[in-house]
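Report on one structure; see the data block that follows.
Residue numbers (the working numbering): 7 to 358.
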């Protein structure tokens with residue numbers, strides 16, 4: 007019985023060891039995402055507040071005294087040249103008719119005097135007309151021609167008035183506000199509607215004067231808010247500081263597919279000259295009591311924990327000091343639970 011019991015226990019242990027070995031072989035290595043340590047130009051930075059605005063944001067006004075008979079609804083998309091509001095034009099059409107009649111009258115007078123002058127010239131060649139009569143006709147024709155041009159100018163003014171009874175969009179945009187209601191009597195320069203172009207955006211930011219020497223027009227700066235981030239180019243720098251705040255203004259292009267008019271953003275401004283450093287993605291850093299470290303991938307697709315010190319940070323990158331070189335592959339996702347020498351299944355970060 008003793009021999010049988012021992013043999014049975016040995017068989018059980020052997021079976022458990024075999025099952026454990028098979029189970030261990032079936033556990034796949036952890037899947038991780040990686041990126042590379044690279045040499046980058048980084049500079050210390052400070053975040054300043056900015057606001058997304060439209061370059062085209064207009065309050066369109068009336069150019070006449072008239073009653074408002076129609077206005078576009080809020081949210082209407084308008085093309086450049088389209089009508090956004092219309093004024094009553096009955097009075098101005100009557101003025102146009104009057105001006106046209108004056109033009110016709112003066113034209114008739116000019117035509118008559120031209121024919122009269124031609125007749126007198128023929129008579130003068132045969133000495134059958136007085137010179138005084140001829141001179142008077144020349145003078146009358148000059149006056150009539152001048153009156154005709156004045157009448158044409160008045161007709162032009164009348165036609166302009168009819169044209170501006172329709173308030174037209176100077177650019178593509180969206181009606182964001184109705185400042186008057188239909189039926190109201192408008193005066194000249196009364197604001198009627200607000201039109202904003204959502205496709206032409208920029209960011210206005212005010213930064214400390216201490217940063218003005220570290221940026222140039224065309225440089226790329228990082229923008230962010232609580233939900234998104236991106237890089238945009240500096241469109242303009244206004245290098246004149248406010249003596250009270252010691253701030254200056256910069257304007258950056260803004261992608262209308264990413265940002266919206268009125269959004270508050272943070273702009274990362276460099277505070278010193280950029281320098282070339284060894285940098286890794288911030289996601290590669292592992293923070294613990296013993297300090298900061300990263301997991302470096304070896305040639306055998308295993309990992310080695312490397313202690314590092316951090317330096318400058320800019321956006322998603324941060325400077326590191328330690329046993330790393332440019333081109334080394336580091337883990338940026340899936341580092342939880344890893345230890346030195348552990349095999350891994352690599353998924354490139356760019357493939358996520």
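All residues carry an ideal CB built from backbone N, CA and C; glycine is no exception.
Pair within 7 Å by beta-carbon distance, residue i and residue j
i	j	result
residue 58	residue 209	yes
residue 143	residue 122	yes
residue 68	residue 196	yes
residue 244	residue 90	no
residue 346	residue 311	yes
residue 66	residue 188	no
residue 373	residue 37	Outside the shown range of the chain (7 to 358) lies residue 373, about which nothing can therefore be said.
Distance, residue j Cα to residue i Cα
i	j	result
residue 191	residue 201	21 Å
residue 163	residue 98	10 Å
residue 358	residue 62	In this predicted model, residue 358 has a pLDDT of only 40, less than 50, meaning its place in the structure is not dependable enough to derive any value.
residue 265	residue 229	10 Å
residue 46	residue 34	35 Å
residue 308	residue 343	14 Å
residue 313	residue 223	39 Å
residue 21	residue 293	Residue confidence for residue 21 is low, a pLDDT of 49 falling below 50, so the modelled location carries little weight; the figure read from the coordinates is stated next. Roughly 42 Å separates the two Cα atoms.
residue 275	residue 94	53 Å
residue 236	residue 48	17 Å
residue 298	residue 306	24 Å
residue 325	residue 300	12 Å
Nearest neighbour of residue i, chosen from the options [CA to CA]
i	options	result
residue 335	34, 222, 35 and 39	39
residue 322	288, 125, 233 and 95	288
residue 241	231, 258, 253 and 309	258
residue 161	109, 141, 114 and 189	109
residue 251	116, 175 and 215	215
Segment limits, beta strand (DSSP E) that includes residue i
i	result
residue 42	37–42
residue 329	No beta strand (DSSP E) contains residue 329, which DSSP labels as neither H nor E.
residue 65	63–67
residue 301	297–303
residue 319	309–320
residue 199	197–202
residue 235	235–244
residue 254	253–260
residue 336	335–339
Integer Cβ distance of residue i from residue j, believed to fall under 8 Å
i	j	result
residue 277	residue 52	5 Å
residue 70	residue 170	6 Å
residue 280	residue 43	Actually they are not in contact, since the Cβ atoms of residue 280 and residue 43 sit about 18 Å apart, beyond 8 Å.
Span of the alpha helix (DSSP H) around residue i
i	result
residue 147	137–169
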